[in-house]
Amino acid sequence: MKNLNDIRERYLKEPFNKRLGHLASDLARISALLGNSKNKEAVDDILKESKFFIEWTVSEAPSDVQTLLSEMQIKLAQLHLHLLHQKENPTEIDHLKRITKTWSEQLLEISGLLVK
7 MKNLNDIRER YLKEPFNKRL GHLASDLARI SALLGNSKNK EAVDDILKES
57 KFFIEWTVSE APSDVQTLLS EMQIKLAQLH LHLLHQKENP TEIDHLKRIT
107 KTWSEQLLEI SGLLVK
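Residue numbers 7 to 122, in our numbering, belong to the letters of the sequence shown in order.
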C-alpha cells in the first residue's frame, strides 16, 4: 500500500458522504475481483484500504452507520484472513461477492450520492 499517511490525509479531507462513496467503490471492486486468483494481490490491497477507510470514518458516522461499519470491519478482517490462508471455495466466494456488493449498495444509499 502506498504511503498510508498521505492516503489518510487525502481521504479525511473529503466530506463524509464522499468517504462513504469511496468505501462503497472499494467494496464493489472487491466483489467484482473476487474469485479470480489473478486478482488476489489487488483484492488484498483493496481489503486493506477498505479496513482503513472504515477505521477513519466510523467515529464521524451516526450510530446506525457506526454499527454497520463496525460489522463490515469485522467481516472484512475475516474475509482477508480467509483469503490469505484458505483455498478458494466457489460457494464461499459467491457468498462474499454478494455481501460486498450489498454493502456497497447500502453505503451508496446512505451517502446520498445517488440522489436523482
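Built from N, CA and C at the ideal position, the CB exists for glycine as well.
| task | Just mark LEU10 as buried or exposed, buried being the case when its beta carbon has 16 or more other beta carbons within 10 Å. | result | Residue 10 sits at position 4 when you count from the first residue of the sequence shown. It counts as exposed.
| request: Please work out which residues of its chain come closer than 7 Å, Cβ to Cβ, to LEU82, disregarding the five sequence neighbours upstream and downstream, and give them in chain order. | output: Indexing the sequence shown from 1 puts residue 82 at position 76. So the list reads LEU53, SER56, LYS57, once near-sequence residues are dropped.
| message | Please classify SER37 as buried or exposed, where buried requires at least 16 other C-beta atoms within 10 Å of its C-beta. | response | The residue you call residue 37 lines up with position 31 of the sequence shown. Counting other Cβ atoms within 10 Å of its Cβ, SER37 reaches 16 or more and is therefore classed as buried.
| Proximity to LEU33 [Cα-Cα], best of LEU114, ASP12, GLU47 | Mapped onto the sequence shown, residue 33 falls at position 27. The shortest Cα separation from LEU33 among LEU114, ASP12, GLU47 belongs to LEU114.
| When DSSP labels each residue in this structure, what does LEU119 get in the three-state scheme? | What you label residue 119 is simply residue 113 of the sequence shown in a count that begins at 1. In the structure shown, LEU119 sits in coil (DSSP, three-state: anything other than H, G, I, E or B).
| Rounded straight-line distance, which links the Cα of ASP12 to that of PRO68 | By 1-based counting over the sequence shown, the position of residue 68 is 62. By 1-based counting over the sequence shown, the position of residue 12 is 6. Straight through space, the alpha carbons of ASP12 and PRO68 are spaced by roughly 26 Å.
| said: Short of 6 Å in beta carbon distance, which residues of its chain neighbour ALA30, apart from the five on each side in sequence? Order them along the chain. | reply: What you label residue 30 is simply residue 24 of the sequence shown in a count that begins at 1. Taken in chain order, the residues that qualify are SER110, LEU113, LEU114.
| When the Cα atoms are used, what is the spatial distance from GLU66 to ASN95? | What you label residue 66 is simply residue 60 of the sequence shown in a count that begins at 1. What you label residue 95 is simply residue 89 of the sequence shown in a count that begins at 1. If you take the alpha carbons of GLU66 and ASN95, they lie about 36 Å apart.
| Per-residue burial, ARG16 [other beta carbons within 10 Å of its own, 16 or more giving buried] | Along the sequence shown, one-based indexing puts residue 16 at 10. By the 10 Å Cβ count, ARG16 comes out exposed.
| query | Are the beta-carbon atoms of LEU85 and LEU102 separated by less than 7 Å? | reply | Taking the first residue of the sequence shown as 1, we reach residue 85 at position 79. Taking the first residue of the sequence shown as 1, we reach residue 102 at position 96. Yes. Within cutoff.
| said: If you reduce the DSSP assignment to three classes, tell me which class LEU113 lands in. | reply: As a working mapping, residue 113 is identified with position 107 in the sequence shown. Three-state DSSP puts LEU113 in a helix.
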